[in-house]
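**Student:** Heads up: the sequence lines are chains U and Z, in that order.
Letter by letter, the first sequence follows residues 1 to 323 of my numbering.
Letter by letter, the second sequence follows residues 1001 to 1323 of my numbering.
Each residue gets a CB set at the ideal place from its N, CA and C atoms; glycine is no exception.
Nothing here was measured: the structure is a model prediction, and the numbers come from that model.
Number of protein chains: 2
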Amino acid sequence: MPSPTSLGEFDLIQKYFTRAVTRAALGVGDDCALFAPRPGMQLAVSSDMLVEGRHFLSTVLPERLGHKALAVNLSDLAACGAQPVAFTLALALPRVDEVFLAGFSRGLLALADAHGCELIGGDTTQGPLNICITVFGELPAGTALLRSGAQANDDIYVSGTVGDARLALEVFRGTLDVQGADFNTVRLAMECPQPRVALGLALRNVASGAIDVSDGLLGDLKHILRRSNVGATVNVDSVPRSQVLRALPTALQREFTLAGGDDYELVFTAAPNRASQVQAAAQQAGVAVTRIGQTQALPGLNLIDAAGRKVETNFGSFDHFKT
Amino acid sequence: MPSPTSLGEFDLIQKYFTRAVTRAALGVGDDCALFAPRPGMQLAVSSDMLVEGRHFLSTVLPERLGHKALAVNLSDLAACGAQPVAFTLALALPRVDEVFLAGFSRGLLALADAHGCELIGGDTTQGPLNICITVFGELPAGTALLRSGAQANDDIYVSGTVGDARLALEVFRGTLDVQGADFNTVRLAMECPQPRVALGLALRNVASGAIDVSDGLLGDLKHILRRSNVGATVNVDSVPRSQVLRALPTALQREFTLAGGDDYELVFTAAPNRASQVQAAAQQAGVAVTRIGQTQALPGLNLIDAAGRKVETNFGSFDHFKT
């Protein structure tokens, strides 16, 4: 048997990533995995690639990184209202590091188990640290929540709170100072996002359009507006934020909530007569949802404050090639 | 409109990777892609991650790299006998390089079109060059060619020729000198492998077990033997090789054909009474297949030469963490 430091590609797949599958017909270990959606169901598929320095910092615990790598993919399923089924993992590692692999796989598989989403295949190789997950969900054909479904005069909602992950990033960058329990709170938001899978499922046939907030609330909302060919007015003071964030100057609160990035909440639209169903869905999913504005037929995104005054910003969306 | 050097993430996805889908219900551009296998069909899924210096050299033309990135994934579908349907692409790039992207997407999409395999989603980000493709094929439930299906006394076959890709790699490494048309031949084998999709499809219900040769013929054959709980005897002189490879000393021919890696041919097993069906499948697919040995009940892999003498080697399988 190889010593821990000489574990090869096949050994480490076997040791850390091979588990019995219950739903798939065939899991890790052959040229392909085999599975099928249940009859009448459609597959929702999403791929996300995470790179050190772009999507996570070198300071993150391996267990949290494993969690986050899957969480950001589950968040895409949530935004479509799909039930997680399975995923593949491709992993490039600078070297075989068993401490890293043990923590990473523990965090990854714990979240996978929590959502009944099984690891069915993938790849490992030597190279600069890179994590690529492709996730599969299922949903009845024709029920997916899409970016293109918003209508004029829909209400706009966001789940949970936004902005904490960006605040944590700024603390790591050294531009802000937050300590103790407050720092732990925002660090957890950055490193351990909770994908809103239950909310996405509950919003099927209730919401008209949806997207997950990964690149910043306004930037991601704009994808809905563009695809749906509508405009919107958002009350920037109504955007939900944590007590920790409320301690910051207003300008920073606005920047982090509106254009922070890495939030993995859902922003979605629903007709006004769906308001009670939206709140019922939120209660069922165990997460708050807050109305932050309304769509309109006229294109463009207008921002107002609590007093109804126009707010000017030039917040763009996070771009992985520009920030 | 942004200048070429300021193309952002969304622009470059739009410009190089967004095309209408014909088979999927929804392609690139939302949180998830949506599709379903045809009724009664199972999905075969495989992910491969390609890293510079491990899976390709910096000297490769972008167009060939695009081809190869998809080819190695289609080769996994071929090994299962699955019909390609769709794929996702996740791409980390050091910078937005339009010359690279134009060539890469051209090579990628040309091979995709040749196999009716449509790009339905993915991700782009800034980072060390990394290409991760997840490919989806379909096949009637229960017909997949598996590593575990070989029986004792089956014939062992390999498609095409093996060893040229490794010869090309050694030329690039400077350990061997091959020039002119001969170099182009072996370089093409390394940079533009042709996935044996048609052969895999034709071998359904004919072959008993199969795998694609990516890490070296013997190493990959051993996966079949281990999974099928059988042994084998292989005649090393019968392993098919190109005229270019035949010009090398016998020891190098053996090393490159038996443990070269990067071949993307199929090695498979079939009962002796299937021999004529195997040849018919090869003819249908337009690729030669050569019988190179036989499985046996007794575990272990024995190598013999054309005269029936025992051959000793210590060729292992290519390991992405060890070579």
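#1: Closest by CA to glycine 66 of chain U, which one among U:Ile131, U:Ile13, U:Gly81?
#2: Have a look at serine 1105 of chain Z and leucine 1129 of chain Z and give me their C-alpha separation to the nearest angstrom.
#3: Taking only three categories from DSSP, how would you classify threonine 1250 of chain Z?
#4: Going by alpha carbons, who is nearest to alanine 1150 of chain Z out of Z:Val1162, Z:Val1158, Z:Met1190, Z:Ala1207?
#5: Count the other C-beta atoms from every protein chain shown that fall within 10 angstroms of the C-beta of valine 99 of chain U, then say buried if there are 16 or more, exposed otherwise.
#6: Any chance the segment 1078-1088 of chain Z sits against the segment 29-41 of chain U, with 3 or more Cβ pairs inside 8 Å?
#7: Express the C-alpha separation of tyrosine 157 of chain U and glutamine 243 of chain U in angstroms, rounding to a whole number.
#8: Within the 8 Å Cβ cut-off, does arginine 1204 of chain Z reach chain U?
#9: List the residues of chain U that threonine 1134 of chain Z touches, going by C-beta distances under 7 Å, in chain order.
#10: According to DSSP, what are the bridge partners of arginine 1291 of chain Z?
#11: Is the segment 106-119 of chain U touching the segment 156-171 of chain U in the sense that three or more CB pairs, one from each, lie closer than 8 Å?
#12: Buried or exposed for aspartate 1155 of chain Z, please, with buried defined as at least 16 other CB atoms from any protein chain shown within 10 angstroms of its CB.
#13: Just verifying my parser: in three-state terms, what is the DSSP assignment at glutamate 1265 of chain Z?
#14: Which value, in whole angstroms, describes the spacing of the CA atoms of alanine 270 of chain U and leucine 199 of chain U?
#15: What is the rounded straight-line gap between the Cα of glycine 209 of chain U and the Cα of threonine 1185 of chain Z?
#16: Shortest alpha-carbon distance to phenylalanine 17 of chain U belongs to which of U:Gly121, U:Asn73, U:Val171?
#17: Using the Cα positions of arginine 187 of chain U and alanine 1285 of chain Z, report the straight-line distance between them to the nearest angstrom.
#18: Could you tell me which residues DSSP puts in a beta bridge with phenylalanine 1087 of chain Z?
#19: Considering only C-alpha positions, which residue in the set Z:Ile1013, Z:Phe1172, Z:Glu1265, Z:Gly1137 is nearest to alanine 1044 of chain Z?
#20: Using the Cα positions of threonine 1059 of chain Z and leucine 1248 of chain Z, report the straight-line distance between them to the nearest angstrom.
#21: Give me the Cα-Cα distance between leucine 111 of chain U and leucine 50 of chain U, rounded to the nearest whole angstrom.
#22: Mind checking arginine 95 of chain U: buried by the 16 CB within 10 Å criterion, or exposed?
#23: Using a Cβ-Cβ cutoff of less than 7 Å, which residues in the same chain neighbour arginine 1038 of chain Z once the five nearest sequence positions on both sides are dropped?
#24: Taking only the alpha-carbon atoms, compute the straight-line gap between glycine 160 of chain U and tyrosine 1264 of chain Z and give it to the nearest angstrom.
#25: Check alanine 1280 of chain Z in the structure and name its three-state DSSP category.
#26: Using a Cβ-Cβ distance cut-off of 8 Å, determine whether asparagine 130 of chain U contacts chain Z.
#27: In terms of alpha-carbon separation, which member of Z:Phe1256, Z:Asn1073, Z:Val1234, Z:Leu1266 lies closest to glycine 1324 of chain Z?
#28: Considering only residues of the same chain and omitting the five flanking positions on each side of glutamate 1312 of chain Z, which have a CB-CB separation below 8 Å?
#29: CB-CB under 8 Å to phenylalanine 183 of chain U, same chain, minus the five flanking residues each way: which ones, in chain order?
#30: Could you have a look at asparagine 235 of chain U and say whether DSSP puts it in helix, strand or coil?
#31: Does the beta carbon of glutamine 126 of chain U sit closer than 8 Å to a beta carbon anywhere in chain Z?
#32: Counting C-beta neighbours from all protein chains within 10 Å, is the total for alanine 1020 of chain Z 16 or more, i.e. buried, or is it exposed?
#33: Please list, in chain order, the residues of the segment 1072-1098 of chain Z that have any C-beta partner in chain U closer than 7 Å.
#34: So, at 6 Å on beta carbons, what are the nonlocal neighbours of glycine 1163 of chain Z in its own chain, with the 5 sequence-adjacent residues on each side left out?
#35: Which one of Z:Lys1068, Z:Val1213, Z:Arg1196 has the shortest CA to CA distance from glycine 1103 of chain Z?
#36: Give the residues of chain U in contact with isoleucine 1120 of chain Z, contact being defined as C-beta atoms less than 9 Å apart.
**Tutor:** On the basis of the coordinates in this document:
#1: Start at 1 with the first residue of the first sequence, and residue 66 of chain U comes out as number 66. Comparing alpha-carbon positions, the option among U:Ile131, U:Ile13, U:Gly81 lying closest to glycine 66 of chain U turns out to be U:Ile131.
#2: By 1-based counting over the second sequence, the position of residue 1105 of chain Z is 105. By 1-based counting over the second sequence, the position of residue 1129 of chain Z is 129. Distance between the alpha carbons of serine 1105 of chain Z and leucine 1129 of chain Z: 15 Å.
#3: Reading the second sequence from its first residue, position 250 is the one you call residue 1250 of chain Z. Reduced to three states, the DSSP call for threonine 1250 of chain Z is helix.
#4: As a position in the second sequence, residue 1150 of chain Z is number 150, starting the count at 1. Comparing Cα positions, the closest option is Z:Ala1207.
#5: Numbered from 1 along the first sequence, position 99 holds the residue referred to as residue 99 of chain U. Exposed, by the Cβ-count rule.
#6: yes
#7: Along the first sequence, read from residue 1 onward, the residue named residue 243 of chain U stands at position 243. Along the first sequence, read from residue 1 onward, the residue named residue 157 of chain U stands at position 157. Approximately 20 Å between the Cα atoms of the pair.
#8: The residue you call residue 1204 of chain Z lines up with position 204 of the second sequence. By this cut-off, arginine 1204 of chain Z is not an interface position.
#9: Position 134 of the second sequence, counted from the first residue, corresponds to residue 1134 of chain Z. The contacting residues are Ser47, Thr88, Thr134.
#10: Reading the second sequence from its first residue, position 291 is the one you call residue 1291 of chain Z. As DSSP reads the structure, arginine 1291 of chain Z sits in a beta bridge with Z:Tyr1157.
#11: no
#12: Indexing the second sequence from 1 puts residue 1155 of chain Z at position 155. Buried, by the Cβ-count rule.
#13: Position 265 of the second sequence, counted from the start, is the residue given in the question as residue 1265 of chain Z. Note: glutamate 1265 of chain Z maps to coil in three-state DSSP.
#14: Within the first sequence, residue 270 of chain U is the residue found at index 270, counting from 1. Within the first sequence, residue 199 of chain U is the residue found at index 199, counting from 1. Each residue's Cα considered, the two are about 14 Å apart.
#15: Position 209 of the first sequence holds residue 209 of chain U. Position 185 of the second sequence holds residue 1185 of chain Z. Take the alpha-carbon of glycine 209 of chain U and the one of threonine 1185 of chain Z: they are about 53 Å apart.
#16: Indexing the first sequence from 1 puts residue 17 of chain U at position 17. Closest option to phenylalanine 17 of chain U, Cα to Cα, is U:Gly121.
#17: Position 187 of the first sequence holds residue 187 of chain U. Position 285 of the second sequence holds residue 1285 of chain Z. Cα to Cα, arginine 187 of chain U sits roughly 56 Å from alanine 1285 of chain Z.
#18: Taking the second sequence and counting its residues from 1, one reaches residue 1087 of chain Z at position 87. Z:Leu1119, Z:Val1135.
#19: Within the second sequence, the letter at position 44 stands for residue 1044 of chain Z. Selected option, being the one with the closest Cα: Z:Gly1137.
#20: As a working note, residue 1059 of chain Z is residue 59 in the second sequence. As a working note, residue 1248 of chain Z is residue 248 in the second sequence. Taking the straight line from one Cα to the other gives about 24 Å.
#21: Locating residue 111 of chain U in the first sequence gives position 111, counting from the first residue. Locating residue 50 of chain U in the first sequence gives position 50, counting from the first residue. Using only the alpha carbons, I get a separation of about 17 Å.
#22: For the purposes of this step, residue 95 of chain U is identified with residue 95 of the first sequence, where counting begins at 1. It counts as exposed.
#23: Counting from one through the second sequence, the residue named residue 1038 of chain Z turns up at place 38. These residues qualify, in order along the chain: Glu1138.
#24: Counted from its first residue, the first sequence places residue 160 of chain U at position 160. Counted from its first residue, the second sequence places residue 1264 of chain Z at position 264. One C-alpha to the other measures close to 48 Å.
#25: Within the second sequence, the letter at position 280 stands for residue 1280 of chain Z. Reduced to three states, the DSSP call for alanine 1280 of chain Z is helix.
#26: Within the first sequence, numbered from 1, the residue matching residue 130 of chain U stands at position 130. Yes, because at least one Cβ of chain Z sits closer than 8 Å to the Cβ of asparagine 130 of chain U.
#27: No answer is possible for residue 1324 of chain Z: the residues shown for chain Z start at 1001 and end at 1323.
#28: Within the second sequence, numbered from 1, the residue matching residue 1312 of chain Z stands at position 312. Excluding sequence positions up to five before and after glutamate 1312 of chain Z, its CB lies within less than 8 Å of the CB of Leu1303, all in the same chain and listed in chain order.
#29: Along the first sequence, read from residue 1 onward, the residue named residue 183 of chain U stands at position 183. Only Ala168, Val171 meet the Cβ criterion.
#30: Sequence index remark: in the first sequence, residue 235 of chain U carries index 235 (1-based). DSSP, read as helix, strand or coil, puts asparagine 235 of chain U in strand.
#31: Residue 126 of chain U sits at position 126 when you count from the first residue of the first sequence. Yes, glutamine 126 of chain U lies at the interface with chain Z (some Cβ there is under 8 Å from its Cβ).
#32: For the purposes of this step, residue 1020 of chain Z is identified with residue 20 of the second sequence, where counting begins at 1. Alanine 1020 of chain Z comes out exposed.
#33: Asp1076, Leu1077, Ala1079, Cys1080, Ala1082, Thr1088, Ala1090, Ala1092, Val1096
#34: Reading the second sequence from its first residue, position 163 is the one you call residue 1163 of chain Z. Within the same chain, glycine 1163 of chain Z has close Cβ partners Arg1241, Leu1245, Phe1256, Thr1257, Gly1260.
#35: In the second sequence, residue 1103 of chain Z corresponds to position 103, counting from 1. Closest in alpha carbon position to glycine 1103 of chain Z, among Z:Lys1068, Z:Val1213, Z:Arg1196, is Z:Lys1068.
#36: Within the second sequence, the letter at position 120 stands for residue 1120 of chain Z. Correct list: Val45.
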